[in-house]
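The next block holds one structure in the form of structure tokens; read it before the comments.
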Amino acid sequence: MTLDEALTRLRNTGPERDGWLSNHAPMAVEALAHHGHDAELHRWIDGYRSLLEEAPRGIAPIAPDEWRDPLGDPVRTGDWISFFDRELGLAPWRDVLAVWWPRLLPGIAAGATHGVIRVGHAVRALLAQETPARVEELGQGLAYWAARWQPLVPAGRGRFRGRDPRAALDAVPRVPDQRFGIRNRLAQLATLEDWPDAAGSVPGTGSVEVRLRAIVTAAVLRFTPYGYGNPVMLVHSATAPAAVLRTLPALPVALHPASLAAAWAASAAVTAAYSPATPSPDPAPSATPDALLQAAIDSGDAHAIKFADTALETWELDPDPGLLAAGRRAVLLCV
């Protein structure tokens, strides 16, 4: 089965299930296809398809100049799907993305960052090959992001710009009450005195791409000692900025600085919301690239697959065995 066949099979499924949980199938199959595992797509969908729900129906069409009011309203998800299907039928996908990326970027926390992650997978697939199925999947991702649009607490000017990304993540303050879901946890960022500085201190030096790649690397490596705190949620500290990184080549250069700032804020917010206070003493597991992805596939877990995908993509440019170890840790913890 090819990626386009997989996306066509999933086209009528909704972006969420059970009211809040994200539909990970389009993201997981894109990750598998990206790494050459087309033969696994059919079997993986077979194991996941029963969990999914039908795409929601719309209530009323969204006019192009009246998009602000329904932004962030999950009840309008069906309307957003129709809206982006129409927009992508009228203009090239890069043009639609260039218009909507800066509108959606302030709400990067949408769907526990799954909105931007789904868009990132769709853009990577489109950059590899432009097909109708992939354009439609981009529209699905944009619609999900728009429907669940959720801004983070604003960042400050930042006193620690240029700090090493790993040190910057270690310095992110933790939310005090970690008993409930992500919306409750992110709301607590407003009570943290050090949050504006932490969120505003985008780490690293060099170009936007170099800094963003360093943030992804740091988040992947940090998963090994801290992922045990909440493995499923902490994978997003890496996969959210990775999604922004994948989208950069399709964006106008003028949008790159804001993309970097939002990616860092998302990674820092997930870290603040879910990172445990102390690292695990467990030794880092070993892994090879092929063994890592196969372990993720065998687990059947979408988060394990997506994190392994990010770890491998990062490792290909920086062959640090710690990146593979982090991916293997995620497989062990997410199942």
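Per this note's numbering, the sequence shown runs over residues 3 to 337.
Beta carbons: idealized from backbone N, C-alpha and C, even for Gly.
Buried or exposed by the 16-neighbour rule on C-beta atoms within 10 Å, applied to residue i
i: GLN131; result: exposed
i: VAL255; result: exposed
i: ILE61; result: exposed
i: SER338; result: Any answer about residue 338 is impossible in this case: the structure gives the chain only from 3 up to 337.
i: GLY229; result: buried
i: GLY141; result: buried
i: THR290; result: exposed
i: ASP20; result: exposed
i: VAL212; result: exposed
i: SER203; result: buried
i: SER288; result: exposed
i: LEU319; result: exposed
i: GLY117; result: buried
i: ASN25; result: buried
i: ALA157; result: buried
i: HIS37; result: buried
i: GLU56; result: exposed
i: ASP81; result: buried
i: ARG181; result: exposed
Given residue i as reference, the closest of the options once Cα atoms are compared
i: LEU34; options: ALA304, ARG330, VAL337 and ALA244; result: ALA304
i: ARG51; options: ILE119, PRO17 and SER84; result: PRO17
i: HIS238; options: THR312, VAL31 and PRO259; result: THR312
i: LEU5; options: LEU128, ARG248, SER261 and ASP87; result: LEU128
i: ARG330; options: ALA267, PRO227 and SER261; result: PRO227
i: ALA328; options: SER261, VAL177 and THR241; result: THR241
i: THR15; options: GLY38, PRO58, HIS39 and TRP46; result: PRO58
i: PRO134; options: LEU325, ALA145 and TRP95; result: TRP95
i: GLY143; options: ASP87, GLY324 and GLU7; result: ASP87
Which of helix, strand or coil DSSP assigns to residue i
i: LEU23; result: strand
i: GLU68; result: coil
i: GLU132; result: coil
i: PHE182; result: coil
i: SER203; result: coil
i: LEU73; result: coil
i: ASP322; result: coil
i: LEU253; result: coil
i: VAL177; result: coil
i: TYR221; result: Looking at the sequence provided, one finds Ala at residue 221 rather than Tyr. It is helical.
i: GLU195; result: coil
i: ILE61; result: coil
i: ALA328; result: helix
i: ALA157; result: coil
i: SER209; result: coil
i: ARG165; result: coil
i: THR4; result: coil
i: GLY302; result: coil
i: THR10; result: helix
i: VAL237; result: coil
i: ALA242; result: helix
i: PRO227; result: helix
Rounded separation between residue i and residue j - CA only
i: ARG70; j: LEU154; result: 17 angstroms
i: ARG102; j: ALA200; result: First, the residue type needs correcting, since residue 102 is Trp and not Arg in the sequence shown. Approximately 27 angstroms between the Cα atoms of the pair.
i: ARG120; j: LEU9; result: 12 angstroms
i: PRO205; j: PHE225; result: 18 angstroms
i: LYS308; j: TYR276; result: 18 angstroms
i: GLY91; j: LEU295; result: 36 angstroms
i: PRO292; j: GLY109; result: Reading off the sequence, residue 292 comes out as Asp, not Pro. Going from the Cα of ASP292 to the Cα of GLY109 covers about 35 angstroms.
i: TRP22; j: SER282; result: 30 angstroms
i: PRO72; j: ARG78; result: 7 angstroms
i: VAL125; j: ASP300; result: 26 angstroms
i: LEU236; j: GLY122; result: 18 angstroms
i: PRO104; j: ALA169; result: 28 angstroms
i: ALA93; j: GLY302; result: 37 angstroms
i: LEU223; j: LEU325; result: 6 angstroms
Which residues DSSP lists as bridging residue i, in chain order
i: GLN152; result: ILE110
i: THR15; result: GLU56
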